[in-house]
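Colleague: Protein chains in written order, with my numbering: chain A, 7 to 238; chain B, 3 to 128.
A virtual CB, placed ideally from N, CA and C, is assigned to each residue, including glycine.
1. Which residues of chain A have a Cβ atom closer than 7 Å to the Cβ of residue 74/B, listed in chain order?
2. Counting along the chain, where does the beta strand (DSSP E) carrying residue 21/A start and finish?
3. Is residue 67/B close to chain A, meaning its C-beta is less than 7 Å from at least one C-beta of that chain?
4. Quick one: any contact between the stretch 3 to 11 of chain B and the stretch 200 to 216 of chain A, if contact means 3 or more CB pairs under 8 Å?
5. Need the endpoints of the beta strand (DSSP E) that residue 80/B sits in, please.
6. Using only CA atoms, which one of 33/A, 26/A, 199/A, 122/A lies nearest to residue 187/A?
7. Determine, using beta carbons only, whether residue 14/B comes closer than 7 Å to chain A.
8. How far does the alpha helix (DSSP H) with residue 59/A in it reach, from first residue to last?
9. Reducing DSSP to helix, strand and coil, say where residue 170/A ends up.
10. Would you please verify whether the beta carbon of residue 118/B is less than 7 Å from any beta carbon of chain A?
11. For residue 182/A versus residue 166/A, is the C-beta distance shorter than 7 Å?
12. Is residue 64/A close to chain B? Criterion is C-beta to C-beta, closer than 7 Å.
13. Determine the direct distance from the alpha carbon of residue 236/A to that of residue 228/A, and round the result to whole angstroms.
14. So the candidates are 114/A, 57/A, 68/A; which of them puts its Cα closest to the Cα of residue 141/A?
15. Is there a Cβ from chain B that is less than 7 Å from the Cβ of residue 61/A?
16. Give a yes or no on whether 7 Å exceeds the smallest Cβ distance from residue 112/A to chain B.
17. Restricting to Cα atoms, I'd like to know which of 162/A, 139/A, 156/A is closest to residue 149/A.
18. So with Cβ pairs under 7 Å, would you call residue 196/A a contact of chain B?
19. Is it buried or exposed, residue 205/A, if we count other Cβ atoms within 10 angstroms and call 16 or more buried?
20. Does the structure place the stretch 104 to 120 of chain B close enough to the stretch 78 to 96 of chain B that three or more beta carbon pairs sit under 8 Å?
21. Do residue 233/A and residue 175/A have their CB atoms nearer than 7 Å?
22. Anyone know if the C-beta pair for residue 145/A and residue 201/A falls short of 7 Å?
23. DSSP three-state label for residue 47/B, please.
24. Would you kindly work out how many angstroms separate the C-alpha atoms of residue 1/A and residue 83/A, rounded to a whole number?
25. Rounding to the nearest angstrom, what Cα-Cα distance links residue 178/A and residue 138/A in this structure?
26. Keeping to the same chain, check which residues put their C-beta closer than 7 Å to that of residue 241/A; ignore five residues upstream and five downstream.
27. Among residues of its own chain, excluding the 5 on either side of residue 43/B, which ones have a beta-carbon nearer than 8 Å to its beta-carbon?
28. Under 8 Å between beta-carbons, which chain B residues line up against residue 239/A? List them in chain order, please.
29. Please check if any C-beta of chain A sits within less than 7 Å of the C-beta of residue 109/B.
30. Taking only the alpha-carbon atoms, compute the straight-line gap between residue 60/A and residue 109/B and give it to the nearest angstrom.
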């Protein structure tokens, strides 16, 4: 029944109920009762709907929380390994489709063990959080960064060639180098070693990652605190 | 045996009605395939208790998620308690929620709205 029909019916019933010629008619009371029942049912329905909407909203929020927990690193708040793996798979497919490769950078925090051993793990955690913040600020809107594990971070630069990646990578490198983490008596400054490579069309992301990793190893071997670009 | 015992599952709350103690406890999520069957059992038990036991009744709820039919069942239960209360029979309901999930408390408030019998909403740590 449409709202108009239902309103018209209600008006008609109200008119019948107030009509003096039906006062005392046995159907009058029954009709009044039906009308009252209908009003109550309607109110009950509204209430059930409202409460049910509340439970649905609660479930939706819980789902969002679970999703965030499954894809984000709890310490730094940026993407975790699961998210990065998924995005790498997606970006590799997209590169194949569009013919435009992406660049992948892997960052390692230099002498991170020393930070932990000297200033404690709390300070180490703050360094990691600081790096994540700098990374988030330094990348472009459509780049993806995340914590790959331990003190290693990844940056995926979609539809970006190796030459083009240099400006972003050096921005990241500079941002982290200027990071200053205050601990009780001193300021921790850190540097990073970064290995960068371009995804080769048709290869899986593991191969791209391996190449970026060997560039990172080279950066470490040749004295740390530097960026090494590996031609695809 | 006048006790009611329905084991809980992923989608149904565990239900325990203790006739002697005058306590009906429900715990867990409630989105059963057949909510009417479950809630009718509970409603029948409460009805019988209220009619025969002539003693106070306490409902202890540790419910999390309720689907629409379960909400309807729970409102029917509130109606039963309300009617008993108006006849002077002592009834009370306590809805426990984990203090990390105060959304449940807000929703319990919605159930409480038209009730004049003692309806408590209590945070628990467990």
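Modeller: The relevant details are as follows:
1. 54
2. Looking at the DSSP string, residue 21/A is not in any beta strand (DSSP E); the run it does join, the alpha helix (DSSP H), is 9 to 24.
3. yes
4. no
5. That residue, residue 80/B, is in no beta strand (DSSP E); its alpha helix (DSSP H) goes 70 to 88.
6. 122/A
7. no
8. 32 to 77
9. helix
10. no
11. no
12. yes
13. 14 Å
14. 114/A
15. yes
16. no
17. 162/A
18. no
19. buried
20. yes
21. yes
22. no
23. helix
24. Chain A is shown only over 7 to 238; residue 1/A falls outside these bounds and no answer can be derived.
25. 10 Å
26. Outside the displayed range of chain A (7 to 238) lies residue 241/A, so it cannot be described from this structure.
27. 6, 8, 17
28. Outside the modelled stretch of chain A, which goes from 7 to 238, sits residue 239/A, for which no answer is possible.
29. yes
30. 7 Å
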